[in-house]
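Asks:
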Amino acid sequence: MEKQGKRRRRVVLVPAPFQGHINPMLQLGSILHSNGFSITVVHAQYNSPNPSIHPDFSFLPLPDTSSDHNILAGHLLAFVLQLNTNCKARLQECFAQVMRQQDSDDGLIACIIYDEFMYFSGETAEDLNLPSIILSTASASYFIARTALIQLKTEGQIPFPEFRSKDLIPECYPLRFKDLPIFKKLEDFLQLVNKASNIRSSSAIIYNTIDCLENSSLAKIQQQCQVPIFPIGPMHRISSASSSSLLEEDTSCMAWLDKQNFNSVIYVSWGSLALMDVKELVEMGWGLVNSQQPFLWMVRPSSIRGAEWIEILPKSLIENISKRGYIVKWAPQKEVLAHGAIGGFLSHCGWNSMLESICEGVPIICRPCFGDQRMNARYVSHVWNVGLELESELERGKIERAIRRLMVDEEGKEMQKRGKNLKERVELCTRKGGSSNSSLNKLIEMIMSF
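Residue 0 is where the sequence shown starts when you use the numbering used here, and the numbers rise one by one after that.
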């Protein structure tokens, strides 16, 4: 902690403007603040974090001309590439502004920590002769998968024919070709990956992961990288930060959960970016109802193509949902997964969701949508063995059977046991002397040495 009479060192954070990226970055900020650092957050206008939730942080916006239309239309990669182009000049101004204030009580800048997809931050830090550190908000195994994708593309094996989709990728067990993070606009993705993977000017890489989950992937990364890597996850467990949710959380679901039996409820969430067709929404609804399990269903506004929300559902389905389920627009997910009534999680398999579920010992039905989610699902079902994968299209009968496998059958009970065991191993890593705790201490020592 900060010694009396000694000024704090300042760390500047640059998060990517998406819920799954903002959360771990601000959690990292809270961790560093509790260890004596001042925090400045330089952020995009799109999806701006709420400064009132973090009153001890300074916030500097980055005005840019990027249109959020690309996000709404599903053109995520184009938005990120455009953001990096538009914000570089303004970021230099922000850094200069912070540096001009160094003689005040705000403290000297120790380093810049930036999301790997805000790669222009590393270039700007180098121009200003400031140390920088990368934060990867995905799993360590995602780095391995991206590297494999680039190599396979170079060898002419990407794109691959359909008959190879389930073939295992050499040196990437348990991943199959279909599990790779392949986007429709592959060239845009490869451009982004190449930029994000350029660590020549950075001093280290932080991973929001745990040694007991990804020991082999972390070892491979350290062999490939010339800088130290610090797996300090799960950061939501180590951080004392309040929720950084960009949407208002409906906490009424907690009172509903209090009325349910222990381990009986399936929680359903598609995260902050994934979209769903009306047909898929209807099939999901009937699958949940027909499973005869109580369910908490998070349906994000504007996540349904062609509809504002659940008003599109048939009246008969809504009536059946009201008998057994509860629907919210946005749930306090960490609190939900920690509730004793939750027995399973039907998830899109975003990395933050996976960590939050594993930390509570909740088994998972995996229905990945894009990016790293297919790879995360494969690890859940074939490495950690704490869930099962719903690989086919959303159809009510298959959804019903998957829920009953997880929540009722003996197979699901075995997954719950393995989930509880994995939860205990994660807890050991975060305690004093554990691997995540040791990595955090080494990270703090490095920042203090700058």
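Glycine included, each C-beta is placed from N, C-alpha and C at the ideal position.
Taking the alpha-carbon positions, what's the LEU274 to ARG304 distance?
Replies: Taking the straight line joining both Cα atoms gives about 7 Å.
Asks: Can you find at least 3 beta carbon pairs, one from the segment 225 to 236 and one from the segment 280 to 296, that sit closer than 8 Å?
Replies: Taking 8 Å as the limit for Cβ pairs, the verdict is that the segment 280 to 296 does not touch the segment 225 to 236.
Asks: Among SER434, LYS328, LYS314, which residue has its Cα nearest to the Cα of LYS322?
Replies: Closest by alpha carbon: LYS314.
Asks: Taking the C-alpha atoms as reference points, what is the distance between GLY270 and MET353?
Replies: Between GLY270 and MET353, the C-alpha separation is close to 11 Å.
Asks: Count the other CB atoms, across all protein chains shown, that sit within 10 Å of the CB of ILE311; report buried if there are 16 or more and exposed otherwise.
Replies: ILE311 comes out exposed.
Asks: How far does the alpha helix (DSSP H) with CYS252 in it reach, from first residue to last?
Replies: Where CYS252 is concerned, the enclosing alpha helix (DSSP H) stretches over 251 to 257.
Asks: Can you find at least 3 beta carbon pairs, one from the segment 355 to 365 and one from the segment 418 to 427, that sit closer than 8 Å?
Replies: Yes, the segment 355 to 365 is in contact with the segment 418 to 427.
Asks: Cα-Cα, which of TRP329, GLY284, GLY286 is closest to SER301?
Replies: Nearest of TRP329, GLY284, GLY286 to SER301, Cα basis: TRP329.
Asks: Just to confirm, are LEU12 and ILE38 a CB contact at a threshold of 9 Å?
Replies: Closer than 9 Å, so yes.
Asks: Taking the straight line between their C-alpha atoms, what separation do you get for VAL226 and ALA195?
Replies: The straight-line gap from Cα to Cα measures roughly 15 Å.
Asks: Give the single residue among LEU336, ALA95, HIS20, GLY35 whose Cα lies nearest to the Cα of THR136.
Replies: Considering only alpha carbons, the answer is HIS20.
Asks: Could you please give the first and the last residue of the uninterrupted alpha helix (DSSP H) stretch that includes PRO293?
Replies: Premise fails: PRO293 is in no alpha helix (DSSP H) and is neither H nor E.
Asks: Should LEU345 be labelled buried (16 or more other beta-carbon atoms within 10 Å of its own) or exposed?
Replies: By the neighbour-count rule (16 or more Cβ atoms within 10 Å), LEU345 is buried.
Asks: Within a Cβ cutoff of 7 Å, which residues of the same chain sit near MET406, ignoring the five residues on either side of it in sequence?
Replies: Taken in chain order, the residues that qualify are ILE265, GLN292, GLY342, GLY343.
Asks: I'd like to know whether the C-beta atoms of SER243 and SER200 end up nearer to each other than 9 Å.
Replies: No, these two residues do not count as a Cβ contact at 9 Å.
Asks: Tell me whether TYR325 is buried or exposed, calling it buried when 16 or more other Cβ atoms sit within 10 Å of its Cβ.
Replies: TYR325 is buried by the Cβ-count criterion.
Asks: Where does GLY286 fall in DSSP's three states?
Replies: Three-state result, GLY286: helix.
Asks: Please determine if the segment 425 to 435 and the segment 109 to 126 are in contact, where contact requires at least 3 C-beta pairs separated by less than 8 Å.
Replies: Short answer: they don't touch.
Asks: With a threshold of 8 Å, are at least 3 pairs of Cβ atoms found where one atom belongs to the segment 256 to 263 and the other to the segment 376 to 385?
Replies: Segments in contact, no.
Asks: Please report how far the alpha carbon of ALA15 lies from the alpha carbon of VAL97, in whole angstroms.
Replies: Distance between the alpha carbons of ALA15 and VAL97 is about 20 Å.
Asks: With H, G and I counted as helix, E and B as strand and the rest as coil, what does DSSP make of SER468?
Replies: The requested residue 468 does not occur in the structure, where the chain is confined to residues 0 to 449.
Asks: For CYS348, which residues in the same chain have their Cβ closer than 6 Å to its Cβ, ignoring the five residues on either side in sequence?
Replies: These residues qualify, in order along the chain: CYS365, PRO367, GLN372, ASN375, ALA376.
Asks: Considering only the beta carbon of each residue, do PRO331 and ASP249 sit closer than 9 Å?
Replies: Yes. Within cutoff.
Asks: For LEU174, count the other beta carbons within 10 Å of its own beta carbon; 16 or more makes it buried, fewer makes it exposed. Which is it?
Replies: So LEU174 ends up on the buried side.
Asks: At 3 residues or longer, and completely inside the segment 262 to 348: list those beta strand (DSSP E) runs for me, N to C.
Replies: As far as the segment 262 to 348 is concerned, its whole beta strand (DSSP E) runs of at least 3 residues are 264 to 268, 294 to 297, 324 to 327, 341 to 346.
Asks: Is it buried or exposed, VAL327, if we count other Cβ atoms within 10 angstroms and call 16 or more buried?
Replies: Result: buried.
Asks: Can you list, in chain order, the residues of its chain with a C-beta nearer than 6 Å to that of LEU316? Leave out the 5 residues immediately preceding and following it.
Replies: Excluding residues within five positions, the ones whose Cβ falls inside 6 Å are GLY284.
Asks: What does the Cβ neighbour count give for GLN222, buried or exposed, with the cut at 16 atoms within 10 Å?
Replies: Result: exposed.
Asks: With burial defined as no fewer than 16 other Cβ atoms inside 10 Å of the residue's Cβ, what is the status of VAL277: buried or exposed?
Replies: Burial call: exposed.
Asks: Grab me the residues of SER239's own chain with a C-beta within less than 7 Å of its C-beta, minus the 5 sequence neighbours each way, in chain order.
Replies: Closer than 7 Å at Cβ, skipping near neighbours: SER29, SER33.
Asks: Residues in its own chain within less than 8 Å of MET447 by CB, not counting five upstream and five downstream?
Replies: Excluding sequence neighbours, MET447 sits near ARG8, ALA109.
Asks: So, VAL192 versus ILE220, is the Cβ gap smaller than 9 Å?
Replies: Contact: no.
Asks: Check VAL10 in the structure and name its three-state DSSP category.
Replies: Reduced to three states, the DSSP call for VAL10 is strand.
Asks: On the criterion of 16 or more Cβ atoms from any shown chain inside 10 Å, does GLY396 qualify as buried, or is it exposed?
Replies: The residue is exposed, with fewer than 16 neighbouring Cβ atoms inside 10 Å.
Asks: By how many angstroms is the C-alpha of SER51 removed from the C-alpha of LEU25?
Replies: Spanning the two alpha carbons is a distance of roughly 13 Å.
Asks: Whole angstroms are fine: how far does the CA of ASP55 sit from the CA of TYR118?
Replies: Going by the C-alpha atoms only, they are around 26 Å apart.
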